[in-house]
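Input: a single structure, listed below in structure tokens.
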Amino acid sequence: MTISTLPISTELIAEHNAALMASVDEDYDALGRKLSRTGVDIDVVKNKVAEFTVAVPSWGAGRGGTRFAKFPIPGEPTNIHEKLEDCAVINQLSQATPRVSPHFPWDKVDDYSALREEAASLGLGFDAVNSNTFQDQLGQAHSYSTGSLSSTDAATRAQAVEHNIECIEIGQKLGSTDLTVWVGDGTNFPGQQDLGRSLDRYLDSAAEVYAALPGTWRMLLEHKMFEPAFYSSVISDWGSSILAAQSLGDKCKCLVDLGHHAPNVNIEQIVARLHRFGKLGGFHFNDSKYGDDDLDSGSINPHQLFLVFNELIEAELHPREGFNPAYMIDQSHNVTDPIESMMASADAILTAYTKAILVDRQGLTAAQEANDTMLAFQALRSAYKTDTSPILAKVRQEKGGAIDMIQAYRTSKYRERKSQARKPVGLGSGIV
Ligand code: RM4
Ligand code: MN
Ligand code: MN
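Residue 339 in our numbering sits at position 351 of the sequence shown; the count goes up by one each step and never skips.
Structural data, given as structure tokens:
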């Protein structure tokens, strides 16, 4: 990898950091003194945080939209090459997002080895590949209007299986080892399909995809309660997901997308349950107020994000076989610059992780064992209240990222430059 292929000048980042370094050092030292009073070595925490990374979705690089509107911004990416370049900016400034999760057929190209090299030259690798059988593509032989893996039509099911296998083949060329499967299959009317038989059809088709997994590959099942199937979804919740994953086999795990549940569901408990049975395979981070709003991670409920990470640290400390979750951002950016949103989200995710590391585990366990509810709660609360931003700023600076990512990004005028170079995106609505 040559530095010159990276989109933001390293001099600009260094100059930006130089102006802020003294105050970061001062805050880091003060926090270090505070943490040392409870026996925590801030450098140990910092080194652990420095190792944590989260993937970004290729589709998140563009402006999203709702069913009603999409408002593109000048300089938005229009193909996978431009999306990779934007993801490289996110990684350069955050130093926390070195992998991109592609979605097919959206990111289809002729030469995947070349795409892998192109990503590597931008400092990026590939994460889980995502299949898309929730939309019809131009020229497609069979419509997914009756469902895909669970369709009542055998030829449609075969087409969906084939697409998933093609995604695995592409993923092998890109260096991925996970296939994430989210299907929009389900119904909008009571009685529309038989609830038992549609699951049977899904399981039969998914077994064919599973059988095509190469040695070390995993299949990650993503559940979603609603949309587009507003009455019943085939893989609607973590219960359906774990039952399917258990019946498919060891290489099949569950993926939790934070926005895909009914309101107020205890997602941290789902995390703990899936881990207990060795089925926690991955995460899609985002936030929501009402439903699957795909808002920025931590923008609505940062405490929930912290509680999820608290369970992930517990899982790390008490690993079950094969515990290696794929962490990914999955958001839709309707009113912000996606690069800025994903940098801010990476920061929110790492903040939740850092706070979860700070939980006094011994104190928490002792309080739990003694049924001291208030002290157990305070063990979580005091970690949550800690301002960990000096740790994150220091990690970024030491890894070559920017102390203030958004300020550095704006100074670089990257989007303005791209708005001159890239062709404008069309209007329209939709999820990507
Ligand atoms: C879905 C789900 C999937 C993603 C699509 C674009 O709601 O979250 O992960 O593939 O959106
Ligand atoms: Mn998702
Ligand atoms: Mn979603």
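Even for Gly, the Cβ is constructed at its ideal location relative to N, Cα and C.
Can you confirm whether residue i, when its beta carbon is compared against all beta carbons of chain E, has any partner nearer than 8 Å?
{"i": "ASN35", "result": "Although the question refers to chain E, the structure presented lacks it and comprises just one protein chain."}
Can you check DSSP and say which residues form a bridge with residue i?
{"i": "THR168", "result": "ASN118 and LEU208"}
{"i": "LYS241", "result": "LEU208"}
{"i": "THR175", "result": "SER220"}
Residue i by DSSP, collapsed to three states: which one?
{"i": "MET331", "result": "helix"}
{"i": "ILE391", "result": "coil"}
{"i": "VAL88", "result": "strand"}
{"i": "VAL44", "result": "strand"}
{"i": "THR342", "result": "helix"}
{"i": "SER133", "result": "strand"}
{"i": "GLY27", "result": "coil"}
{"i": "ARG51", "result": "strand"}
{"i": "GLY113", "result": "strand"}
{"i": "MET(-11)", "result": "Any reading at MET(-11) needs caution, since the residue's pLDDT is 44, under 50, leaving its predicted position unreliable; the model's value is listed next. DSSP places MET(-11) in coil when its eight states are reduced to three."}
{"i": "GLY163", "result": "coil"}
{"i": "SER370", "result": "helix"}
{"i": "VAL420", "result": "Its pLDDT being 47, under 50, VAL420 is placed unreliably by the model, and nothing is read from it."}
{"i": "LYS71", "result": "helix"}
{"i": "GLN83", "result": "coil"}
{"i": "ASN5", "result": "helix"}
{"i": "SER407", "result": "helix"}
{"i": "GLN180", "result": "coil"}
{"i": "SER(-3)", "result": "coil"}
{"i": "LYS36", "result": "helix"}
{"i": "LYS96", "result": "coil"}
{"i": "SER101", "result": "helix"}
{"i": "LEU126", "result": "coil"}
{"i": "THR144", "result": "helix"}
{"i": "SER425", "result": "Nothing in the structure corresponds to residue 425, since the chain is present only between -11 and 420."}
{"i": "GLY414", "result": "coil"}
{"i": "LEU434", "result": "Because residue 434 is not part of the residues shown, which for the chain are -11 to 420, the question remains open."}
{"i": "ASN152", "result": "helix"}
{"i": "PRO430", "result": "Outside the displayed span of the chain (-11 to 420) sits residue 430, for which this structure offers no information."}
{"i": "SER400", "result": "helix"}
{"i": "GLY20", "result": "helix"}
{"i": "ALA57", "result": "coil"}
{"i": "GLU64", "result": "coil"}
{"i": "ASP348", "result": "coil"}
{"i": "ASP15", "result": "helix"}
{"i": "ASP192", "result": "helix"}
{"i": "ALA358", "result": "coil"}
Beta-carbon separation of residue i and residue j under 8 Å?
{"i": "VAL44", "j": "VAL12", "result": "no"}
{"i": "TYR397", "j": "GLU328", "result": "yes"}
{"i": "ALA334", "j": "ALA116", "result": "no"}
{"i": "ILE255", "j": "VAL171", "result": "no"}
{"i": "ALA84", "j": "VAL42", "result": "yes"}
{"i": "HIS272", "j": "LEU243", "result": "yes"}
{"i": "ARG410", "j": "GLU70", "result": "yes"}
{"i": "ASP19", "j": "ILE379", "result": "Here residue 19 is Leu; the residue named in the question, Asp, does not match the sequence. Yes, they are a contact pair."}
{"i": "LEU162", "j": "ARG206", "result": "no"}
{"i": "THR342", "j": "THR376", "result": "yes"}
{"i": "PRO62", "j": "SER370", "result": "no"}
{"i": "LEU183", "j": "SER138", "result": "no"}
{"i": "ALA336", "j": "PRO290", "result": "yes"}
{"i": "HIS249", "j": "ALA303", "result": "no"}
{"i": "ASP141", "j": "HIS151", "result": "no"}
{"i": "SER285", "j": "GLN319", "result": "yes"}
{"i": "LEU72", "j": "GLU106", "result": "yes"}
{"i": "VAL37", "j": "VAL383", "result": "yes"}
{"i": "PHE294", "j": "TYR372", "result": "yes"}
{"i": "PRO90", "j": "GLN125", "result": "no"}
{"i": "ILE331", "j": "ILE158", "result": "The residue asked about is misnamed: residue 331 is Met in this sequence, not Ile. Contact: no."}
{"i": "ALA232", "j": "SER193", "result": "no"}
{"i": "LEU209", "j": "VAL169", "result": "yes"}
{"i": "ASP74", "j": "ALA108", "result": "no"}
Hey, which unbroken runs of the beta strand (DSSP E) at 3 residues or more fall wholly within the stretch 292 to 332?
314 to 317
4 or more residues per run - each alpha helix (DSSP H) lying fully within the stretch 213 to 289
226 to 236 and 255 to 264
Residues passing the C-beta test against ligand 2 heavy atoms, cut-off 5 Å
Per the Cβ criterion, the list is ASP245, HIS272 and ASP318.
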